[in-house]
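Below you'll find the structure, written out as C-alpha cells, and then a few comments.
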Amino acid sequence: MKMKRKTIEGLLNPVRMRIVMMFLDNSLHTIGDIKSSIKDIPSASLYRHINRLLEDDIIKVVSEAKKRGAIEKTYQLKTNPLEQMNKVTSEGSHDDIKEMFYVFAMTLVMEFNNYMEKDNVNLMKDSVGYRSFPLYVSKEENEEFLDGFKSLLGKYINNKPSDERELRKFSFVYTPTNTEGAK
5 MKMKRKTIEG LLNPVRMRIV MMFLDNSLHT IGDIKSSIKD IPSASLYRHI
55 NRLLEDDIIK VVSEAKKRGA IEKTYQLKTN PLEQMNKVTS EGSHDDIKEM
105 FYVFAMTLVM EFNNYMEKDN VNLMKDSVGY RSFPLYVSKE ENEEFLDGFK
155 SLLGKYINNK PSDERELRKF SFVYTPTNTE GAK
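According to the numbering used here, the stretch in the sequence shown is residues 5 to 187, in order.
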C-alpha cells in the first residue's frame, strides 16, 4: 500500500508531473516527443527527470531503435502514480497518509523558498499568494463549493505550454477544522 517517499517527492516536482501527465493516456513517447511538448526545460534537465522517473519505476523503456547512430528509447507509463496516491489516500494507514501530506507540504515550502531566493522577488507582480479562508458551510454548500472549484480548475488543467503561458503551481488543502483541539 505504502508509496515510497522518494516516489512521492519525485512526483511533486512540477517538471516530472508534467512528463507523467503526457503518459496518463497510456501513450508511448520518446525524448524527442517530450522535448517538443515541454520546450522550456533544458535537455540535460529533461534527461535527469526521465532517469528519476525510470529509477522510481513510474515509466519504463518499451523499445529501443537505432536512429542516426544513437539509440532512441520509447517510454511508457509503468505505474500510474496518481492511482497509487489515490489508493494510499483511500486505503492507506493514517501514518501513510500523514507522510504523503508531509512530503506535499514540505515540497511547497521548498518551492516557495526557491522562489524567494530569486533576485527582485515581487509577490504582487508575480501573482504569488497563500491564504487561509475559514468557511462555514453545510454539507450541501460544501458539495456546491467543491463542484464549482472542480469546474474552475477543469477549465485550465489541460492547457498546453505555449509562449504566452508560464508554468504555475496551484496547491490547496481543504479540511474540516477541529477548534476544540487535537487528541
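Don't be surprised by glycine CBs; every beta carbon is placed ideally from N, CA and C.
Residue i - DSSP class collapsed to helix/strand/coil
| i | result |
| --- | --- |
| Y79 | strand |
| S40 | helix |
| I181 | The amino acid at residue 181 is misidentified as Ile; the sequence shows Thr. Here T181 sits in coil by DSSP. |
| A186 | At A186 the pLDDT is 45, less than 50, meaning the model places this residue with poor confidence; the figure from the coordinates comes in the next sentence. Residue state, collapsed to three classes: coil. |
| L127 | coil |
First and last residue of the uninterrupted beta strand (DSSP E) at residue i
| i | result |
| --- | --- |
| K71 | 63 to 71 |
Beta-carbon proximity of residue i to residue j, cut-off 8 Å
| i | j | result |
| --- | --- | --- |
| L112 | S175 | yes |
| V132 | Y119 | yes |
| Q88 | K64 | no |
| P165 | I12 | no |
| G14 | R56 | yes |
| L50 | I38 | yes |
| A69 | E76 | yes |
| V92 | T78 | no |
Rounded separation between residue i and residue j - CA only
| i | j | result |
| --- | --- | --- |
| R172 | D99 | 30 Å |
| I54 | L16 | 14 Å |
| M128 | Y134 | 12 Å |
| E168 | I45 | 16 Å |
| I62 | M26 | 12 Å |
| K71 | T34 | 12 Å |
| E170 | T83 | 28 Å |
| K187 | K122 | With a pLDDT of 45 at K187, under the threshold of 50, the modelled position of that residue is not reliable, and no figure is offered here. |
| Y178 | E148 | 14 Å |
| E145 | P180 | 14 Å |
| L139 | N124 | 35 Å |
The alpha helix (DSSP H) enclosing residue i, as first and last residue numbers
| i | result |
| --- | --- |
| P85 | 85 to 95 |
| K154 | 143 to 158 |
| I23 | 18 to 27 |
| E190 | In the structure as shown, the chain starts at 5 and stops at 187, and residue 190 therefore has no counterpart that could be examined. |
| L58 | 47 to 59 |
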